[in-house]
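K.L.:
My structure is below; once you've seen it, I'll send some questions.
See the structure below:
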């Protein structure tokens, strides 16, 4: 014991090892000094602009600002300042998509650096959101108010070069609540926004195309986010046909579910009008409709109107992804659904926390897109696929597996791109027949 005690050194006797000392206080002081020195070298806030940048800004009448750009506290960078304030100008011919014929007005257009994007996706749209202003159209004019009739138009979405399959890259917000600025190379962006009259829209979709994909978004989705999602699905699924979306007046906030549900009950008239217009004017061989979440409620309402009026809509493929529809309503409308489309596919999940919350809020036993312990709600003639195994992230709602999972995107891609309908095991052999191959009622992705 005496020998061991003699080998123990007092704190003051700690020896340096190379350039670093063991004493914690010393290490702390060194780190603090290094941080302070680093901040001091970031440069003054009032660093002057370079002459060529200053002239360019003055030429276009841009007021000078003083702000930070991520390199450190108080840092001012003239190049980033110029790019953040450069004026909008038309896109280059190589990076832009040809606009539809007879377009009435063109919104502001920004520079598209070809090396900063993976591609451009043109998306036609119809919306029964209230649109303010005159004949022109800007994103700020499109609200969540409910309009009695549809507004038509055309939008071009750019896909950033950093895009990963299944994701929609949008600006984030830092811990101070400051939102990141949009950048072509990092984020999905709307590059063109054009309003079309009903006649111009009809003439535009009358151009022959092999197929048309119509996307109807769900709850908590703003107009621009709906356009991004439609473009993302088409891009990731390698879809080459015409892309279209119907944007109903969702308020775009997670606290606004009640408002959105009322809007979903209001929206079927506008969707029914659009589907009739597509059937009458759209010269396409195949019409594919994809509805997500609460958007499925909008679709069911439109299909009910078609059934009551004995109107044929000519839908080739109807896809429901995580439909937020009461199970009993689904079973009641099943015949109308099957009569409206050549083939119907339903993606359901047991890990969808958004649907689980919707069920609890409505005190409902189940949802059309939810898989209970006894399995999904199966309707003969509707191809039901359990996607629980490929959409079970621990810290996610798992409500958008249809567009985030590579496996499900691949399956959807085969549906929307095939000239003829393929059964689930034909297009995706890894799907398992449930409960077995001799008595299949639905399919599931294996765990």
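Numbering (the UniProt record's numbering), first residue to last: 1 to 447.
Beta carbons: idealized from backbone N, C-alpha and C, even for Gly.
1) Using a Cβ distance threshold of 8 Å, determine whether the segment 351 to 362 contacts the segment 418 to 427, with at least three qualifying pairs required.
2) Whole angstroms is fine: what's the gap from residue 299's alpha carbon to residue 249's?
3) Does DSSP put residue 295 in a helix, a strand or coil?
4) Taking residue 453 as the reference, which of 279, 287, 246 has the closest Cα?
5) Report the rounded CA-to-CA distance for residue 391 versus residue 340, giving the unit in angstroms.
6) Expressed to the nearest angstrom, what Euclidean distance is found between the alpha-carbon atoms of residue 147 and residue 267?
7) To the nearest angstrom, how far is it from the Cα of residue 386 to the Cα of residue 414?
8) State yes or no: is the C-beta of residue 192 within less than 8 Å of the C-beta of residue 131?
9) Could you tell me which of 162, 138, 271, 126 sits nearest to residue 152, measuring between CA atoms?
10) Helix or strand or just coil, what does DSSP make of residue 110?
11) Near residue 379, which residues of its chain fall below 6 Å by C-beta distance, leaving aside the five closest residues on each side in sequence?
12) So residue 384 is in the beta strand (DSSP E); what residue range does that whole segment cover?
13) Does residue 332 pass the burial test, meaning 16 or more other C-beta atoms within 10 Å, or should it be called exposed?
14) DSSP state of residue 122, grouped into three classes?
15) Can residue 322 and residue 349 be called in contact, C-beta distance under 8 Å?
16) What does the alpha-carbon distance come out to for the pair residue 352 and residue 397?
17) With DSSP collapsed to three states, give me the class of residue 290.
18) So, using beta-carbon positions, are residue 178 and residue 124 closer together than 8 Å?
19) If you draw a straight line from the C-alpha of residue 292 to the C-alpha of residue 304, how long is it?
20) Which complete beta strand (DSSP E) runs does the segment 196 to 267 hold, if anything under 3 residues is left out?
21) Only counting the same chain, and skipping five residues up and downstream in sequence, which positions put a Cβ closer than 8 Å to that of residue 238?
22) Would you mind sorting residue 310 into buried or exposed? The rule is 16 or more other CB atoms within 10 Å of its CB.
23) Given that a residue counts as buried once 16 or more other Cβ atoms are within 10 Å of its Cβ, and exposed if not, what is residue 140?
24) Answer yes or no: do residue 187 and residue 169 have a C-beta to C-beta separation smaller than 8 Å?
25) When DSSP builds the beta bridges, which residues end up paired with residue 152?
26) In its own chain, which residues sit with a C-beta less than 6 Å from the C-beta of residue 180, not counting the 5 before and 5 after it?
27) Determine which residues share a DSSP beta bridge with residue 320 and list them.
28) What residue does the alpha helix (DSSP H) around residue 328 start on, and which one ends it?
P.N.:
According to the structure shown:
1) no
2) 14 Å
3) helix
4) In the structure as shown, the chain begins at 1 and stops at 447. Residue 453 is therefore absent and cannot be evaluated.
5) 29 Å
6) 9 Å
7) 17 Å
8) no
9) 126
10) Because residue 110 sits at a pLDDT of 48, beneath the cut-off of 50, its placement in the model cannot be relied upon, and the following sentence gives the value as read from the coordinates. Residue 110 falls in the coil class under three-state DSSP.
11) 334
12) 383 to 386
13) exposed
14) strand
15) yes
16) 6 Å
17) strand
18) no
19) 18 Å
20) 209 to 216, 242 to 247
21) 413, 417
22) exposed
23) exposed
24) yes
25) 126, 196
26) 171, 172
27) 291, 346
28) 327 to 340
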